[in-house]
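Step one of this worksheet: look at the structure below.
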Amino acid sequence: LLNQGLADLKKINDQAALNDLRVSLLGKKGPITKVLRGMGALSAEERPVVGSFANEVRDQLQAAIDDRKKALDAAKLARQLEEEKIDVTLPGKPTTRGNAHVIQQIIDQLEDLFLGMGYQVLTGPEVEEDRYNFEMMNLPKDHPARDMQDTFYITNEILMRTQTSPMQARAMEKHDFSQGPLKMISPGVVYRRDTDDPTHSHQFHQVEGLVIDKHITMADLKGTLELVAHELFGDRFNVRLRPSYFPFTEPSVEADITCFNCDGKGCSVCKCTGWIEVLGAGMVHPNVLKMAGVDPDVYGGFAFGMGPDRFAMLKYGVDDIRNFYLDDVRFLNQFSMKG
Ligand code: PHE
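Here the sequence shown stands for residues 10 to 348, where the numbers follow full-length UniProt numbering.
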């Protein structure tokens, strides 16, 4: 049995067959177990002789099986190492690295600028209540200026926000003025029921800004907007304010920045005015303060709403806003920050 077993073992080349052989030799139904079980029928003199002989055979077979198993394991490992070997000297495959969207880059730049001046960055819901989007912005239900912003309604009272201005009301409601002034910007996506074309998108970005304190003036607003222009476009850009109308600011302005593209012969960017309109702003209307629980006799401030899409178009000479929303990497890679 021992010799036959050892001979069989030599022919075995895989783990499964080795296991089968082990079971047939040493298992519960194997010959050695049978001998050991049958010991009861033997005489007292025979028992220790047969017993120790059977044990001896079993131990030798077990040791041989263990050796064979080790050899098979080692061979398997060697084979694996050989097959899965990596040639580190081969040239690698280039991986493509992601990159912040060009609009997000503008927003990041604005956030850095304003965080540096002690502003908070707040975000709020894109699915907004009529109350915040319009009513608390001094646009009651029947106000004609609602027509300035075509709106996607979800229900009569719920809509896709048409502007980030509702964040003014949300921020004022939350702010504890005993802790100091409120200074915040709020970047985000807004929606309008517009037909998409080179200068309109039904979804675009805004960055709202709001400062509420005692003794805030329009000069503070202009200085802040100049900082934005210098940061995004460069120091040689100037800011001009023109009277305008928004229901939530009084007085209201539109801000322009210098146009350097103008050649005086029919400039396509500024129509030869020398100025490009970039944002709406103004001094927060007393009604807006009141509705958000702020006393207009004590506090006041300025607000602005900027369009990062428009900034990106001007900064990089992009002539179609829809490019920002098509997710064509050939377009987006031009604004990669890798270089
Ligand atoms: N919410 C205005 C718009 O979307 C912009 C604005 C913001 C104007 C804050 C004044 C003050 O057109």
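A virtual CB, placed ideally from N, CA and C, is assigned to each residue, including glycine.
Compute every distance between the C-beta of residue i and the non-hydrogen atoms of the ligand PHE, then say whether any falls below 7 Å.
| i | result |
| --- | --- |
| PHE313 | yes |
| GLU217 | yes |
| ALA290 | yes |
| THR208 | no |
| GLN212 | no |
| SER277 | no |
| THR258 | yes |
| SER195 | no |
| PHE333 | no |
| PHE255 | yes |
| GLN345 | Residue identity differs from the one stated: residue 345 is Ser in this sequence, not Gln. SER345: no, Cβ never under 7 Å from the ligand PHE. |
| GLN188 | no |
| GLN113 | no |
| GLN172 | yes |
Based on DSSP bridge pairs, tell me the residues matched to residue i.
| i | result |
| --- | --- |
| LEU288 | ALA264, MET315 |
| ILE129 | The question names Ile, yet the displayed sequence has Gln at residue 129. Partner(s): MET193. |
| LEU168 | GLU137, TYR162 |
| TYR200 | GLN212 |
| GLU217 | SER195, GLY314 |
| LEU250 | ALA264 |
| THR258 | PHE255, VAL293 |
| ASP222 | GLY309 |
| ASP206 | HIS209 |
Straight-line CA distance for residue i to residue j?
| i | j | result |
| --- | --- | --- |
| SER210 | VAL327 | 14 Å |
| GLU42 | ALA26 | Note that residue 42 corresponds to Thr in the displayed sequence, not to Glu. Each residue's alpha carbon lies about 20 Å from the other. |
| SER187 | ASP206 | 47 Å |
| ARG67 | ASP17 | 15 Å |
| ASN142 | ILE167 | 9 Å |
| LYS324 | LEU86 | 60 Å |
| ALA238 | THR171 | 24 Å |
| ILE163 | PRO190 | 35 Å |
| ASP117 | ASP82 | 56 Å |
| ASP156 | LYS299 | 24 Å |
| ALA180 | VAL278 | 36 Å |
| ARG88 | VAL58 | 45 Å |
| PRO317 | LEU241 | 10 Å |
| GLY14 | ALA80 | 17 Å |
| ASN147 | ASN296 | 6 Å |
| ILE115 | MET176 | 20 Å |
| VAL248 | LEU234 | 7 Å |
| ILE95 | LYS102 | 14 Å |
Any chance the region 215-232 sits against the region 307-314, with 3 or more Cβ pairs inside 8 Å? yes
Report yes or no: do the region 107-115 and the region 50-58 share at least 3 C-beta pairs separated by less than 8 Å? Contact between the region 107-115 and the region 50-58 is absent, with fewer than three C-beta pairs closer than 8 Å.
If contact is defined by three or more beta carbon pairs under 8 Å, each pair taking one atom from either stretch, is the region 243-259 in contact with the region 288-296? Segments in contact, yes.
Three Cβ pairs or more, each shorter than 8 Å: is that satisfied between the region 195-206 and the region 267-281? no
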